[in-house]
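Asks: Just passing along the structure, written as structure tokens.
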């Protein structure tokens, strides 16, 4: 596909990822509204949040490789149509049960669409600029989460009926995107085996397995941190500053998401391993600053803590995804990307439910301390394989540099010989003619 033919499909699939993640984070500022309206407990809120994540996991485990068999386009069209139905269900929800059912539907649609859209971005990676797809796959989700939280927060503050308006708006977006995908070209060649691919499994392409082992701990740590902010962030803000505006709870997660998106862009020139290492190192400082805000009852400190938390999330997401996708062949891209998302959402959903249980048992204040300690320990443990890999890379660097120099010298020597042969050939022809 020529470069000009890639731009519109690339922009379309980026917009799909942004809209999907915007829809996933849009309920975060609305949780206090639901709690006041229906008297939901903190545990129920985390169950609503985790219903989405667990359904998304189920979709990733079953449909992660489906777009490689059927094509990216049919999987995306069906998923976006289902996402629009989920938005309608969220807009009409009248209680916790209906909310959970709608979030389950949304999770299924998002899981199927995320793998297909992300794999399509890898398919559309410009040949002359490899790695762009990994950067896009990292920055689009964070941008989407920030956009979803900001839009929902503004609607809560300024528009009557925000729990209906935000979802109806997103429903229209998904219908339009499904129509656009139907008109876009297919980015991969379908092949048989679609039914077999639906068997639940986690498939990581062999070239990506070492990167998974090295970066997996960091992925778990930052997604667990993000799970706390997105599920219990508004309740945490209420605990720290009871008199703060209701919109403040959503804006904390917006600060985290925006910081993550900016960090993905800022760290694009860093080695993936370096970015992941720096992100994990920032996690303990972020949770310590957040607990400081709790002890001081300082909302500015909580907002300040969200910035390094988002930076850690963005750096690890960018670095780990680049490491994982670096050498994956096209047929394995959707399945490997799905496996990465499985790890991410398992960490987020299980930790969010755990936080809800701890809150029910011991109160949010104690739960926040226990959760912060767990996330800090996870990040510290993740630093060990990353640091070992960095040291190994540093030791190998001189040898690799010498090998590259030798290779360049050999190429130069072959070029000189070719030039010499080119100069001798006409002389030989002249001699033959004489």
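Residue numbers (the working numbering): 1461 to 1894.
Every residue gets a Cβ at the ideal spot worked out from N, C-alpha and C, and that includes glycine.
Among the candidates 1538, 1708, 1747, 1504, whose CA atom is the shortest distance from the CA of residue 1759?
Replies: 1708
Asks: Going by DSSP in three states, residue 1496 sits in which element: helix, strand or coil?
Replies: Helix, per DSSP.
Asks: Please confirm whether residue 1685 and residue 1773 have their CB atoms less than 8 angstroms apart.
Replies: yes
Asks: Which residues in the same chain as residue 1714 place their Cβ atom closer than 6 angstroms to its Cβ, once the five residues preceding and following it in sequence are excluded?
Replies: 1606, 1609, 1610
Asks: Would you report the Cα separation of residue 1732 and residue 1673, rounded to the nearest angstrom?
Replies: 14 angstroms
Asks: Alpha helix (DSSP H) containing residue 1755: first to last residue?
Replies: 1732 to 1756
Asks: Residues in its own chain within less than 6 angstroms of residue 1638 by CB, not counting five upstream and five downstream?
Replies: 1537, 1540, 1541
Asks: Just the Cα atoms here: how many angstroms apart are residue 1626 and residue 1562?
Replies: 14 angstroms
Asks: Which class does residue 1532 belong to by DSSP, given the choice of helix, strand or coil?
Replies: helix
Asks: Report yes if the C-beta distance between residue 1795 and residue 1600 is below 8 angstroms; otherwise report no.
Replies: no
Asks: For residue 1792 and residue 1528, what's the separation of their Cα atoms in angstroms?
Replies: Rounded to the nearest whole angstrom, the CA to CA distance from residue 1792 to residue 1528 is 8 angstroms.
Asks: If you draw a straight line from the C-alpha of residue 1748 to the C-alpha of residue 1783, how long is it?
Replies: Cα to Cα, residue 1748 sits roughly 29 angstroms from residue 1783.
Asks: So, using beta-carbon positions, are residue 1473 and residue 1577 closer together than 8 angstroms?
Replies: Taking 8 angstroms as the Cβ cut-off, residue 1473 and residue 1577 qualify as a contacting pair.
Asks: When we look at the beta-carbon of residue 1552 and count the other beta-carbons within 10 Å, is it buried (16 or more) or exposed?
Replies: exposed
Asks: Please name the residue in 1711, 1572, 1496 whose C-alpha comes closest to that of residue 1615.
Replies: Answer by Cα proximity: 1711.
Asks: Let's see if you can read the secondary structure: which residues bound the alpha helix (DSSP H) around residue 1510?
Replies: Where residue 1510 is concerned, the enclosing alpha helix (DSSP H) stretches over 1502 to 1523.
Asks: In angstroms, rounded to a whole number, what distance separates the CA positions of residue 1735 and residue 1770?
Replies: Between residue 1735 and residue 1770, the C-alpha separation is close to 13 angstroms.
Asks: Please classify residue 1475: does DSSP put it in a helix, a strand, or coil?
Replies: Of the three classes helix, strand and coil, the one that applies to residue 1475 here is helix, per DSSP.
Asks: Any chance you could list the alpha helix (DSSP H) runs of at least 4 consecutive residues sitting entirely within the stretch 1612 to 1648, in chain order?
Replies: 1622 to 1643
Asks: Going by C-alpha to C-alpha distance, which of 1678, 1530, 1666, 1475 sits closest to residue 1846?
Replies: 1678
Asks: Anyone know if the C-beta pair for residue 1799 and residue 1727 falls short of 8 angstroms?
Replies: No, the pair does not count as a contact, with Cβ atoms beyond the cut-off.
Asks: Less than 8 angstroms between the beta carbons of residue 1469 and residue 1584, yes or no?
Replies: yes
Asks: Taking 8 angstroms as the cut-off, does the stretch 1690 to 1709 touch the stretch 1816 to 1830 (at least 3 CB pairs, one atom from each stretch)?
Replies: yes
Asks: Please report how far the alpha carbon of residue 1817 lies from the alpha carbon of residue 1495, in whole angstroms.
Replies: The straight-line gap from Cα to Cα measures roughly 17 angstroms.
Asks: Kindly indicate which three-state DSSP category residue 1691 falls into: helix, strand or coil?
Replies: helix
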